[in-house]
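Below you'll find the structure, written out as structure tokens, and then a few comments.
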Amino acid sequence: MVTNAICDHIVHQKISFPALIEERNNNKENLLNKWGFPGVIGAVDGTHIAILKPNAEEHNFVNRKGYHSINCQIIAILKPNAEEHNFVNRKGYHSINCQIICDYKLKITNIFANYGGSSHDSFIWRNSQMNDYLRTLYQANERCWLVGNSAYPLLPYLMTPYRNPINDAEERYNQAHISARNVVERCIGLLKMRFRCLLKERTARYAPHFVCKLVKVCAALHNMCIDASIDEELPHVENEELAGHDIVPQQIRNPHEQGVQMRKIS
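Number 1419 in the working numbering belongs to position 107 of the sequence shown; there are no gaps in the numbering.
What follows is the structure in structure tokens.
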């Protein structure tokens, strides 16, 4: 009941992507000053939330690592009767794959939890509202972007690293990119340290659609902690999702032409 109440009445107040150009420009300035990467308004990454084997269509929840999880981009709600095989991730366990976007303060500005652990980060991105929103900003000639790892497609509004840098300029770009992108890895690590029910070792013992609500509530409370300046020691967290980034979907191997040009001038 408490989780449902917070999800219904507080989450949308505490998790919001910068809607005003002034807010986005503030994010750009802070990320540029901190890490020397221009135009960045946030970083995106996916993280798996381990769940028990669902009663229905179990294979959709098993991720590539062998446990049941939800792959969160961090936003919405799975259908209660989603097929089980959709939750099996690449490590072989059931999960929900959550997509998280955060700003320079480690505040979560968007969370998308619509898909099981079998879904690749790039697929989740393509089907997210943020992809559509940032495309709209780009088409309106606003030059801002997120940074994401090599699991994501290179787009005019989503900068990814060079997979095989061939000169000093590309090496420098990758170093700045790593520094800027690190905010989302730190954000996810801090979120899971604050709310240990999200750790793989804890394995959420609820129906997948309720776990999606639980993740969003934890994200909202995480933002409230940041607003209240509640300090916690940042943990050293290995990003377990990185191990699967050698699995590159075809659409990522063929990057967006305008994204290639944007990456050269960023």
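All residues carry an ideal CB built from backbone N, CA and C; glycine is no exception.
Using the C-alpha atoms, what's the distance from residue j back to residue i?
i, j, result
"Leu-1503", "Pro-1330", "20 Å"
"Gln-1451", "Tyr-1518", "41 Å"
"Asn-1339", "Tyr-1416", "7 Å"
"Phe-1522", "Met-1442", "23 Å"
"Lys-1346", "Lys-1365", "42 Å"
"Ile-1389", "Leu-1526", "At Ile-1389, the pLDDT of 35 sits below 50, so the modelled position is not reliable; the number obtained from the coordinates is stated separately. Using only the alpha carbons, I get a separation of about 10 Å."
"Ser-1328", "Leu-1446", "14 Å"
"His-1489", "Pro-1350", "10 Å"
"Cys-1319", "Glu-1483", "43 Å"
"Glu-1513", "Ala-1362", "8 Å"
"Ser-1440", "Ala-1425", "10 Å"
"Thr-1515", "Cys-1530", "15 Å"
"Leu-1343", "Ile-1436", "25 Å"
"Ile-1408", "Glu-1544", "26 Å"
"Glu-1334", "His-1397", "43 Å"
"Met-1536", "Leu-1418", "11 Å"
"Phe-1399", "Leu-1510", "16 Å"
"Tyr-1474", "Ser-1430", "25 Å"
"Leu-1524", "Ala-1317", "Just to set this straight, residue 1524 is Cys in the shown sequence, not Leu. Going from the Cα of Cys-1524 to the Cα of Ala-1317 covers about 14 Å."
"Gln-1487", "Ala-1481", "10 Å"
"Leu-1467", "Cys-1456", "11 Å"
"Tyr-1405", "Glu-1497", "21 Å"
"Arg-1438", "Pro-1520", "22 Å"
"Ser-1541", "Val-1352", "24 Å"
"Val-1495", "Gly-1428", "24 Å"
"Arg-1265", "Gly-1501", "The requested residue 1265 does not occur in the structure, where the chain is confined to residues 1313 to 1578."
"Glu-1454", "Tyr-1485", "21 Å"
"Leu-1449", "Leu-1332", "11 Å"
"Asp-1444", "Lys-1403", "30 Å"
"Lys-1528", "Cys-1499", "14 Å"
"Asn-1476", "His-1432", "22 Å"
On the DSSP letters alone, give me the boundaries of the alpha helix (DSSP H) that residue i sits inside.
i, result
"Asn-1338", "1333 to 1347"
"Lys-1512", "Run containing Lys-1512: none; DSSP gives neither H nor E here."
"Leu-1532", "Reading the sequence as shown, one finds Ala at residue 1532 and not Leu. Start and end: 1520 to 1539."
"Thr-1315", "1314 to 1321"
"Asp-1404", "Inspection of the sequence shows that residue 1404 is occupied by Gly rather than by Asp. Careful: Gly-1404 lies outside any alpha helix (DSSP H) and carries neither H nor E."
"Arg-1475", "Taken as a continuous stretch (DSSP letters only), Arg-1475 belongs to no alpha helix (DSSP H), as it is neither H nor E."
"Asn-1375", "Element bounds for Asn-1375: n/a, residue is neither H nor E."
"Arg-1498", "1480 to 1506"
Is it the case that the Cβ atoms of residue i and residue j are separated by a distance below 9 Å?
i, j, result
"His-1324", "Ile-1420", "no"
"Ser-1434", "Tyr-1469", "no"
"Arg-1506", "Asp-1357", "no"
"Ile-1412", "Asn-1422", "yes"
"Ser-1491", "Gly-1348", "yes"
"Cys-1414", "Thr-1359", "no"
For the beta strand (DSSP E) holding residue i, just list the boundary residues, first then last.
i, result
"His-1360", "1352 to 1362"
With 16 as the cutoff for other CB atoms within 10 Å, does residue i come out buried or exposed?
i, result
"Ala-1532", "buried"
"Met-1471", "buried"
"Val-1314", "exposed"
"His-1321", "exposed"
"Ile-1538", "buried"
"Ile-1478", "exposed"
"Leu-1458", "buried"
"Lys-1326", "buried"
"Arg-1336", "buried"
"Asn-1461", "buried"
"Asn-1375", "buried"
With a threshold of 8 Å, establish whether the CB of residue i neighbours any heavy atom of the ligand MN.
i, result
"Arg-1493", "The ligand MN is not among the ligands present in this structure, which contains no ligands whatsoever."
Subject >> Any beta strand (DSSP E) of 3 or more consecutive residues that is wholly inside the segment 1413 to 1469 >> reply: Listed in chain order, they are 1420 to 1424, 1457 to 1459.
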